[in-house]
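Q: Heads up: the sequence shown begins at 33 in this note's numbering, then just goes up one per residue.
No residue lacks a Cβ here, since even glycine has one placed at the ideal position from N, Cα and C.
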Amino acid sequence: MMANPLYDTLFGQHHQSASVFLQLPDGDMLSYGAFLEMAAQYAGLLSDIGLTPGDRVAVQVGKSPQALALYAACVQAGLVFLPLNTAYTADEVAYFVENSGAGIMLCDERAKSSLSPIAARCGARLDTLNADGTGSFVQQAAAFPTMFDTVPRAETDIAALLYTSGTTGRSKGAMLSQGNLLSNAATLQREWRFTSKDVLLHALPIFHTHGLFVATNITLLAGGQMIFLPKFDLDQMIGDIPRATAMMGVPTFYTRLLSDTRFSKDLTAHMRLFVSGSAPLLAETHLRFEERTGHRILERYGMTETNMNTSNPYDGERRAGTVGFPLPDVELKITDSQTGATLPQGEIGQIEVRGPNVFQGYWQMPEKTAEELREDGFFITGDLGQIDADGYVSIVGRNKDLIISGGYNIYPKEIELLLDEQDGVLESAVIGVPHADFGESVVGVLVPKSDQKLDLEAIKTRISGSLARFKQPQKLVVLPELPRNTMGKVQKNALRAQFASAFH
Ligand code: MLC
Ligand code: AMP
Numbered sequence: 033m034m035a036n037p038l039y040d041t042l043f044g045q046h047h048q049s050a051s052v053f054l055q056l057p058d059g060d061m062l063s064y065g066a067f068l069e070m071a072a073q074y075a076g077l078l079s080d081i082g083l084t085p086g087d088r089v090a091v092q093v094g095k096s097p098q099a100l101a102l103y104a105a106c107v108q109a110g111l112v113f114l115p116l117n118t119a120y121t122a123d124e125v126a127y128f129v130e131n132s133g134a135g136i137m138l139c140d141e142r143a144k145s146s147l148s149p150i151a152a153r154c155g156a157r158l159d160t161l162n163a164d165g166t167g168s169f170v171q172q173a174a175a176f177p178t179m180f181d182t183v184p185r186a187e188t189d190i191a192a193l194l195y196t197s198g199t200t201g202r203s204k205g206a207m208l209s210q211g212n213l214l215s216n217a218a219t220l221q222r223e224w225r226f227t228s229k230d231v232l233l234h235a236l237p238i239f240h241t242h243g244l245f246v247a248t249n250i251t252l253l254a255g256g257q258m259i260f261l262p263k264f265d266l267d268q269m270i271g272d273i274p275r276a277t278a279m280m281g282v283p284t285f286y287t288r289l290l291s292d293t294r295f296s297k298d299l300t301a302h303m304r305l306f307v308s309g310s311a312p313l314l315a316e317t318h319l320r321f322e323e324r325t326g327h328r329i330l331e332r333y334g335m336t337e338t339n340m341n342t343s344n345p346y347d348g349e350r351r352a353g354t355v356g357f358p359l360p361d362v363e364l365k366i367t368d369s370q371t372g373a374t375l376p377q378g379e380i381g382q383i384e385v386r387g388p389n390v391f392q393g394y395w396q397m398p399e400k401t402a403e404e405l406r407e408d409g410f411f412i413t414g415d416l417g418q419i420d421a422d423g424y425v426s427i428v429g430r431n432k433d434l435i436i437s438g439g440y441n442i443y444p445k446e447i448e449l450l451l452d453e454q455d456g457v458l459e460s461a462v463i464g465v466p467h468a469d470f471g472e473s474v475v476g477v478l479v480p481k482s483d484q485k486l487d488l489e490a491i492k493t494r495i496s497g498s499l500a501r502f503k504q505p506q507k508l509v510v511l512p513e514l515p516r517n518t519m520g521k522v523q524k525n526a527l528r529a530q531f532a533s534a535f536h
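Structural data, given as structure tokens:
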């Protein structure tokens, strides 16, 4: 039995290793050993300020090696890593800090003035970490030893809390255990054949499952390298591809790469693997990609609550429009959403999954947990799918009201609640419609109170203070009333059809 399975397996094996872990945009190389020394100093500081195992560390900082070292530090000190999208407004962050009871918050210097009242109210300490690696946190950490006694943990202990929005109300913190992360990393490393020779082109954010766990944990486990870019930048990606062996991205990455003629067969000839996920990859994109490069994108399917569930095969046919087979240790079934009964092969129903990858429940929300995680361990994903005769799973829709824009999840309910509060608004409906770059984009449909004229610009300005930019409707439209069925339920399908070409 290991003392701290996640730390020992992902990080501990690399102590004092001179091998490169991160290749940085300025040409600098960071070795595994140096990265772990930085993490040990952070773990020392986090412990010194009084955080004890199980305490939450809320982190809303730009992508940097230091930000990633914080993740390692939390694992080493037995703390719960709680990463937050940098696009969230102070209002949004306030909820996460309060709900999680985080003991410390780390933010960019620029956010300090808006977040310090929140930290004070929640009794959390506030420190800064800027995207360039400076800040009060690193300054203090420099005084700590580059070795830290790893805090013992069990596989069942929570390693991370990732918030995911709900269809009805507030966001819920998905509790991911050490075992959840470890089992998925091991499975994916094996399935996708990652080794110490791999160099992963990493342009995803590190506050979500895809960039944080799928990409990073697999690389750590394999002892490979990452070209660690602050964000997706087309020119930079094209410039760096020749040094990479593998890439992971959301579909927007692939459509943007394809839009550039420099992205060619020659440029990618040496690449071993392209993985896509977090949102549906159009079969058309898959086919265009193959025509252009000769590579077939490997599409997989996952969620914050479950890590990865299915994957197209590494060897064997990667079938466009499908998310492949359940991973070896994941059980997947298609059920009737009313009865929960398993449906015959080929029928469309809700996707349920069970396995060591499935989370431990929502933070302090036992009722919400019970609604989605069955007693027998099956998690109701909210996705609608189908399994074909060869066993390939396809996602055909969603049983949850959710928009995915450029790989970010947007829950219409949250935006509707805010729009409904605006001057002159009687009611609203928020829908996702096709968008060439983001896959889906947000349209807000507003119904005015009788005899009132809505000031759309004023509404846009008012909601911008409360909602992250990527959630804000790209278009607001006014209708005299919302289409409803005989039960009085708003027919979003009708609205989606009506505004289908809003972004064409
Ligand atoms: C940025 N903007 C977006 C957006 N990202 N708007 C809608 N949807 C998005 N996803 C807006 C900004 O607010 C800004 O608005 C403008 O676009 C330009 O900002 P930017 O930062 O320059 O954008 P860009 O770098 O082009 O970002 C697009 C992107 C990025 C697709 C590269 O969103 C991204 O990296 N997405 C990946 C998300 C991800 O990692 N998902 C994984 C979730 S895990 P304005 O108006 O100010 O100009 C998960 C589980 C699983 O789902 O299975 O993996
Ligand atoms: P999140 O809650 O941010 O982790 O998003 C998870 C959701 O993203 C899933 O429930 C799916 O709806 C969607 N998703 C992830 N991967 C894929 C994929 N390959 N194809 C279609 N949808 C996906």
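Alpha carbon to alpha carbon, what distance is there between PHE410 and SER203?
A: In the sequence shown, the residue the question calls residue 203 occupies position 171. In the sequence shown, the residue the question calls residue 410 occupies position 378. Those two C-alpha atoms are separated by around 21 Å.
Q: Hey, out of ASP265, THR178 and SER168, whose CA is closest to TYR64's CA?
A: Counting from 1 along the sequence shown, the entry for residue 64 is found at position 32. Per the Cα distances, THR178.
Q: For the candidate residues PRO480, PHE180 and ASP361, whose alpha-carbon lies nearest to that of PHE451?
A: In the sequence shown, the residue the question calls residue 451 occupies position 419. The residue asked about is misnamed: residue 451 is Leu in this sequence, not Phe. Ranking PRO480, PHE180 and ASP361 by Cα distance to LEU451 puts PRO480 first.
Q: Quick one: residues in its chain with C-beta nearer than 6 Å to the C-beta of THR354, no 5 flanking neighbours on either side, listed in chain order?
A: Here residue 354 refers to the residue found at position 322 when the sequence shown is read from its first residue. If we look at THR354 and ignore the five residues flanking it on each side, its Cβ neighbours are TYR424 and SER426.
Q: Measure from the alpha carbon of GLN396 to the alpha carbon of each residue in ILE270, GLY133, CYS139 and LEU313, then state which is nearest.
A: If you number the sequence shown from 1, residue 396 lands on position 364. Among ILE270, GLY133, CYS139 and LEU313, the Cα nearest to that of GLN396 is on GLY133.
Q: Considering only DSSP beta bridges, list what MET397 is partnered with.
A: Walking along the sequence shown from the start, residue 397 turns up at place 365. Looking at the DSSP assignment, MET397 forms no beta bridge with any residue, so it has no partner.
Q: Is it buried or exposed for GLY348, if we count other Cβ within 10 angstroms and need 16 for buried?
A: Locating residue 348 in the sequence shown gives position 316, where the first residue counts as 1. GLY348 is exposed by the Cβ-count criterion.
Q: Quick check on the DSSP output: the alpha helix (DSSP H) that includes PRO97 runs from which residue to which?
A: Taking the sequence shown and counting its residues from 1, one reaches residue 97 at position 65. Unbroken alpha helix (DSSP H) run through PRO97: 97-109.
Q: Can you tell which of LEU213, ILE238 and LEU405 has its C-alpha closest to the C-alpha of PRO262?
A: Indexing the sequence shown from 1 puts residue 262 at position 230. Nearest of LEU213, ILE238 and LEU405 to PRO262, Cα basis: ILE238.
Q: Once you ignore the five residues that flank ASP159 on each side, which residues in its own chain have a CB closer than 6 Å to its CB?
A: Stepping through the sequence shown from its first residue, residue 159 is reached at position 127. If we look at ASP159 and ignore the five residues flanking it on each side, its Cβ neighbours are LEU138, SER168 and PHE169.
Q: Ends of the alpha helix (DSSP H) at TYR443?
A: For this step, residue 443 is matched to residue 411 along the sequence shown. It is not in any alpha helix (DSSP H) - TYR443 carries neither H nor E in the DSSP assignment.
Q: Nearest by alpha-carbon distance to GLY255: which of ALA218, TYR286 and THR241 is it?
A: Your numbering for residue 255 matches position 223 in the sequence shown. GLY255 has its Cα closest to that of ALA218, out of ALA218, TYR286 and THR241.
Q: Considering only C-alpha positions, which residue in the set ALA72, PHE67 and VAL89 is nearest to LYS96?
A: Numbered from 1 along the sequence shown, position 64 holds the residue referred to as residue 96. According to the sequence shown, residue 96 is Ser rather than Lys. When each option's Cα is compared against that of SER96, the closest is PHE67.
Q: What are the start and end residues of the beta strand (DSSP E) that includes THR413?
A: Working through the sequence shown from its first residue, we reach residue 413 at position 381. Here the beta strand (DSSP E) through THR413 covers 411-419.
Q: If we count Cβ pairs, one from each stretch, closer than 8 Å, do we get three or more for the stretch 376-393 versus the stretch 413-423?
A: Yes: the two stretches touch, three or more of their Cβ pairs being nearer than 8 Å.
Q: Any idea what DSSP makes of ASN117, helix, strand or coil?
A: Here residue 117 corresponds to residue number 85 of the sequence shown, with the count starting at 1. DSSP places ASN117 in coil when its eight states are reduced to three.
Q: Using the Cβ count rule (16 or more neighbours within 10 Å means buried), how would you classify HIS467?
A: For this step, residue 467 is matched to residue 435 along the sequence shown. Classification for HIS467: buried.
Q: If I follow the unbroken alpha helix (DSSP H) through ALA315, where does it start and stop?
A: On the sequence shown, position 283 is the one that residue 315 refers to. Element bounds for ALA315: 315-325.
Q: Taking SER79 as the reference, which of GLY59, ILE136 and SER291 has the closest Cα?
A: Start at 1 with the first residue of the sequence shown, and residue 79 comes out as number 47. Considering only alpha carbons, the answer is ILE136.
Q: For SER146, I'd like the list of residues in its chain whose CB is within less than 6 Å of its CB, leaving aside the five on either flank, ordered along the chain.
A: Your numbering for residue 146 matches position 114 in the sequence shown. ALA122, listed in sequence order.
Q: So ILE463 is in the beta strand (DSSP E); what residue range does that whole segment cover?
A: The sequence position of residue 463 within the sequence shown is 431, counting from 1. 457-467 is the extent of the beta strand (DSSP E) around ILE463.
Q: Since LYS297 is in the alpha helix (DSSP H), which residue starts that stretch and which ends it?
A: Within the sequence shown, the letter at position 265 stands for residue 297. LYS297 -> alpha helix (DSSP H) spans 297-300.
Q: Can you tell me whether ASN525 is buried or exposed? The criterion is at least 16 other CB atoms within 10 Å of its CB, across all chains shown.
A: Taking the first residue of the sequence shown as position 1, residue 525 is located at position 493. That one is exposed.
Q: If we count Cβ pairs, one from each stretch, closer than 8 Å, do we get three or more for the stretch 506-525 versus the stretch 474-491?
A: Counting Cβ pairs under 8 Å, three or more are found: they touch.
Q: Which stretch, first to last residue, makes up the beta strand (DSSP E) that contains ASP159?
A: By one-based count along the sequence shown, residue 159 stands at place 127. Unbroken beta strand (DSSP E) run through ASP159: 157-160.
Q: Would ILE259 pass as a contact of ALA276 if the rule is Cβ separation under 9 Å?
A: Taking the first residue of the sequence shown as 1, we reach residue 259 at position 227. Taking the first residue of the sequence shown as 1, we reach residue 276 at position 244. The answer is yes: Cβ separation under 9 Å.
Q: Is LEU114 near VAL91, with beta carbons less than 9 Å apart?
A: Within the sequence shown, numbered from 1, the residue matching residue 114 stands at position 82. Within the sequence shown, numbered from 1, the residue matching residue 91 stands at position 59. Yes. Within cutoff.
Q: Restricting to Cα atoms, I'd like to know which of LEU252, ALA151 and ALA163 is closest to GLN45.
A: On the sequence shown, position 13 is the one that residue 45 refers to. Comparing Cα positions, the closest option is LEU252.
Q: For GLN55, name the three-state secondary structure that DSSP assigns.
A: Taking the first residue of the sequence shown as position 1, residue 55 is located at position 23. In this structure, GLN55 counts as strand in the three-state DSSP scheme.
Q: Nearest by alpha-carbon distance to VAL6: which of VAL428, ALA532 and TYR39 is it?
A: It is not possible to answer for residue 6, since the shown part of the chain is limited to 33 through 536.
Q: Here's the rule: buried if 16 or more other CB atoms are within 10 angstroms of the residue's CB, otherwise exposed. What is ARG332?
A: Mapped onto the sequence shown, residue 332 falls at position 300. With 16 or more Cβ atoms within 10 Å of its Cβ, ARG332 is classed as buried.
Q: Ends of the alpha helix (DSSP H) at PHE128?
A: As a working note, residue 128 is residue 96 in the sequence shown. Per DSSP, PHE128 belongs to the alpha helix (DSSP H) from 122-132.
Q: For the ligand MLC, I want to know if THR342 counts as a neighbour, meaning its beta carbon is within less than 8 Å of at least one of the ligand's heavy atoms.
A: Position 310 of the sequence shown holds residue 342. Flag unset: Cβ of THR342 not near the ligand MLC.
Q: Look at the Cβ atom of SER110, then the Cβ atom of ARG157, and state whether they are nearer than 9 Å.
A: On the sequence shown, position 78 is the one that residue 110 refers to. On the sequence shown, position 125 is the one that residue 157 refers to. Reading off the sequence, residue 110 comes out as Gly, not Ser. The answer is no: Cβ separation not under 9 Å.
Q: Work out the CA separation of ALA71 and SER437 for me, nearest whole Å.
A: Position 405 of the sequence shown, counting from 1, holds the residue named residue 437. Position 39 of the sequence shown, counting from 1, holds the residue named residue 71. Their Cα atoms are separated by approximately 33 Å.
Q: Helix, strand or coil for GLY471 per DSSP?
A: Position 439 of the sequence shown holds residue 471. Strand, per DSSP.
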